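So in our numbering, spot 159 of the sequence shown is number 844, and the numbers just go up one at a time.
Heads up, the beta-carbon is just placed ideally off N, CA and C, and yes, glycines get one too.
Given the structure is predicted, the values throughout are model-derived calculations rather than measurements.
These notes are about the structure you will find just below.
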Amino acid sequence: MKNLLDIESLNIEDIKLVLKRADFYKNLLKSDKSEQKKYTNILSDRVILTMFFENSTRTLTSFQMAAYRLGAKIVNWDVSSSSLSKGETFSDTLRCISGYGFDAVVVRHHEFKAPYTVQNSMECPVINAGDSWRAHPSQALLDAYTLKSLKGRIEGLKVAICGDVIHSRVANSNIELLGKMGADIHIIAPPALCPDVSKYAHVTSFDTLEEGLVGCDAVMMLRNQKERMEAADIPDDAQYFRDYGLTQERLSIAKSDAIVLQPGPMNRNVEIADDVVDDPIKSKIFEQMANGLPVRMAIFDLILSEEY
């Protein structure tokens, strides 16, 4: 792995290596401090730049913590205080900062394939933290890691991805990754929010939860990305919840041991009911979020450490 731009650029062995390394780091983070210290300096000579053009909590914070846990230094580039506000072009900004010798760049951008633009301008690895509705590869990797950790496998699982799929980079990357690993995907969405999935042999689309949840091992709920849609694409929140919200009653349609995921941020009682989020057995949402740290540690390690 020289970069992490999307799931399409990874083969199955790349994915397995990330998941295996993430498991190592998850176990390491549970160990005593003396054991952890053996790995806290493997990136001590690295300086990583984060460039986030969109708001982020989980992704930005877990990338920062992953860098710190491995001994790297972080420079946070703030778009609101950058020279872009003075009229400088993005390409000129990239040409400027490329001369500072960063060891990696983590970028989130609203434009389609923006990380490729960054890669073409920088002489260091680029990690995509989300671009437009197209790709969010590290999120898909942590979702796959969560599934494998909890279910013991990915191959043969039936995973429902529900909600605003058409605007979701998380859904896009999960469809690619889980398909490569042998899972079957049920896309459940209102017609206006359902993409054309006819090119995927492993994907079936449904327009009701009652049909799509049958036989599912895992249910991944997505928020409505109102910043990317027309107001007419969905009804009001209350109506949406009545039609497409995940309730305990609807969850019972899936397998009895089905788990619930949600990449965040969540809109409680819009796409998912409170009592489903807080279900002590079925909801794995906050465990899923916590897995962002070991997975992103694995990504930094595989891309930047001398071992690889």
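query, result
"Beta strand (DSSP E) segment containing residue 802, residue limits", "First-last for residue 802: 799-806, but that is the alpha helix (DSSP H), not the beta strand (DSSP E)."
"8 angstroms contact criterion, which residue 788 and residue 731 should meet: CB distance rounded", "4 angstroms"
"Beta-ladder partner(s) of residue 738, from DSSP", "Beta-bridge pairing links residue 738 to no other residue."
"Whole beta strand (DSSP E) elements within the segment 703-748, 3-residue minimum", "732-737"
"Residue environment, residue 809, which counts as buried when at least 16 other CB atoms sit within 10 Å", "buried"
"Selected residue, minimal CA-CA separation from residue 910, among 944, 973, 892 and 879", "879"
"Spatial neighbours of residue 855 in its chain, beta-carbon cut-off 6 angstroms, leaving aside the 5 residues before and after", "821, 824 and 948"
"Whether residue 695 touches residue 862 by CB criterion (9 angstroms)", "yes"
"Entirely enclosed alpha helix (DSSP H) segments - the segment 882-962, minimum 4 residues", "894-897, 922-929, 933-936 and 959-962"
"Which listed residue (941, 908 and 900) has its alpha carbon closest to that of residue 956", "908"
"Close beta carbons around residue 723, own chain, < 8 angstroms, minus the five adjacent residues each side", "none"
"Sequence-distant residues of its chain with Cβ nearer than 8 angstroms to residue 833 (five each side left out)", "704 and 839"
"Proximity to residue 830 [Cα-Cα], best of 905, 919, 700 and 719", "700"
"Burial state of residue 795, where buried means 16 or more other Cβ atoms lie within 10 Å", "exposed"
"Selected residue, minimal CA-CA separation from residue 754, among 921, 942 and 714", "714"
"Status (buried if at least 16 other CB within 10 Å, exposed otherwise) for residue 744", "buried"
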